[in-house]
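Trainee: First residue of the sequence shown? That's 160 in the working numbering, and the numbers climb one at a time after it. For each residue, glycine too, the CB sits at the ideal point set by N, CA and C. In this text, all values refer to a predicted model and were calculated from it rather than measured experimentally.
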Amino acid sequence: DFAMSKPQNDYRTGILLAFLASLLWSGNYVIARGLSKDISPVSLAFLRWLTATLILLPIAYQSVRRDWKLLITHWKLLCLTAFIGVTIFNTFIYVAGKYSSATNLAIIGTTFSPMFVLIVAHFVLKERATLYQVLGMLVCFTGIVFLITGGQPGALATVQFTPGDFWILLAALSFALYTLLVRKKPAALASLSYLFALFALGTIGLFPFFIAESWQGLTFIPTPSLLLVFLYLGAGASVGAFLSWNIAIQKMGAGRTALFAILIPVFSSIEAVLLLGEKPTSALFISLSLIVAGLLLANLGQLTRGSVAPR
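1. Starting from the Cα of Leu176, find the closest Cα among Val451, Gly399, Leu239, Ile214 and give me that residue.
2. What does the alpha-carbon distance come out to for the pair Leu462 and Leu418?
3. Using the Cα positions of Leu422 and Ile174, report the straight-line distance between them to the nearest angstrom.
4. Does the beta-carbon distance from Leu306 to Ala452 come in below 8 Å?
5. What are the boundary residues of the alpha helix (DSSP H) that includes Val276?
6. Which of the three DSSP states is assigned to Phe320 in this structure?
7. Using C-beta distances below 7 Å, list every residue in its chain close to Arg287, excluding the 5 sequence neighbours before and after it, in chain order.
8. Is there contact here, the segment 239–256 with the segment 190–202, by at least three beta-carbon pairs under 8 Å?
9. Name the two residues that bound the continuous alpha helix (DSSP H) containing Gly302.
10. Which residue comes first and which comes last in the alpha helix (DSSP H) that contains Ile252?
11. On a Cα-Cα basis, can you pick out the residue from Tyr337, Leu385, Ala356 that is closest to Ile218?
12. Can you tell which of Ala265, Gly310, Ser350, Ser260 has its C-alpha closest to the C-alpha of Gly436?
13. Check whether the segment 241–249 and the segment 350–365 are in contact - that is, three or more C-beta pairs closer than 8 Å.
14. Return yes when the Cβ of Ile450 is within less than 8 Å of the Cβ of Gly302, no when it is not.
15. Relative to the C-alpha of Gly393, which residue among Gln292, Trp404, Leu209, Ser384 is closest?
16. Cutting at 6 Å between CB atoms, please list the residues of its own chain near Val341, excluding the five before and the five after it.
17. With a threshold of 16 other CB atoms inside 10 Å of the CB of Ser480, please say whether the residue is buried or exposed.
18. What number of angstroms, rounded off, separates the C-alpha of Ala136 from the C-alpha of Gly412?
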């Protein structure tokens with residue numbers, strides 16, 4: 160009984176942590192749209208991750224000291240993971256925010272990301288997608304089609320795509336790759352050390368682009384509200400969310416954890432209506448309902464059996 164209870168508890172803990180990360184990340188899409196005219200995408204990304212790195216430094220200092228040799232040994236993997244998951248992922252979201260609504264950013268980005276994860280996990284990691292996951296993703300994709308066609312799926316061929324759609328799909332792909340790379344984290348490397356290394360390396364990767372923007376005169380006015388945004392992005396959407404997400408991946412697996420990102424557009428849509436004045440439509444509600452139903456369906460097998468990710 161004990162042998163069965165621990166995996167089940169790990170899976171339930173993973174669910175809670177993935178849910179928390181999704182909630183914390185939801186505001187990121189609202190900020191991407193809301194601040195699209197106030198600060199450039201690279202500057203927003205750089206200052207977000209710089210804030211997160213500085214917040215995490217005193218927390219992770221002792222852990223990093225203990226794991227220093229491990230960090231040096233695996234520097235190539237860490238650099239690649241940081242570049243994909245930190246340097247470019249959110250930067251692409253902030254670029255997309257200049258062209259698309261916060262609702263569309265969240266729904267398109269977070270729905271395609273788990274689809275990409277399941278596809279890559281199947282072919283690269285040999286993780287077999289379950290029938291529930293495949294059917295769930297099909298339902299979610301139906302929700303996406305319903306949203307972008309305004310409730311008329313037959314008009315899909317005439318839909319005009321924007322540059323924001325292109326950038327948010329790149330962001331979804333980069334996040335999917337990041338999620339899979341996290342599975343390769345050395346087991347002996349503490350989560351705090353790992354997270355700090357990713358934040359620091361990702362911030363360093365953004366620094367040259369931030370300097371280039373500054374030379375071009377792309378500056379911003381550091382208002383109190385903007386400083387609060389950096390604090391939220393650094394402490395909540397970065398430190399809290401990424402730590403929760405990474406642990407959830409270890410407990411449930413990349414494919415199953417990624418499915419919970421579909422909850423992000425539900426939170427983001429509510430926030431976009433309340434904070435940005437975006438108008439809710441019947442197509443949006445139907446789309447969100449389909450996406451949530453797809454998420455529940457994709458996880459039905461695991462939730463009813465209490466199973467865990469394959470070892």
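Mentor: This is what the structure gives:
1. Gly399
2. Any reading at Leu462 is ruled out, since the residue's pLDDT is 47, under 50, leaving its predicted position unreliable.
3. 12 Å
4. No. Outside cutoff.
5. 261–282
6. coil
7. His281
8. A contact exists between the segment 239–256 and the segment 190–202.
9. 290–307
10. 248–255
11. Ala356
12. Ser260
13. Three or more Cβ pairs drawn from the segment 241–249 and the segment 350–365 lie within less than 8 Å of each other, which places the two stretches in contact.
14. yes
15. Leu209
16. Asn405, Ile408
17. Residue coverage of the chain in this structure runs from 160 to 470, which leaves residue 480 outside it and unanswerable.
18. Not covered by the structure: residue 136. The range shown for the chain is 160 to 470.
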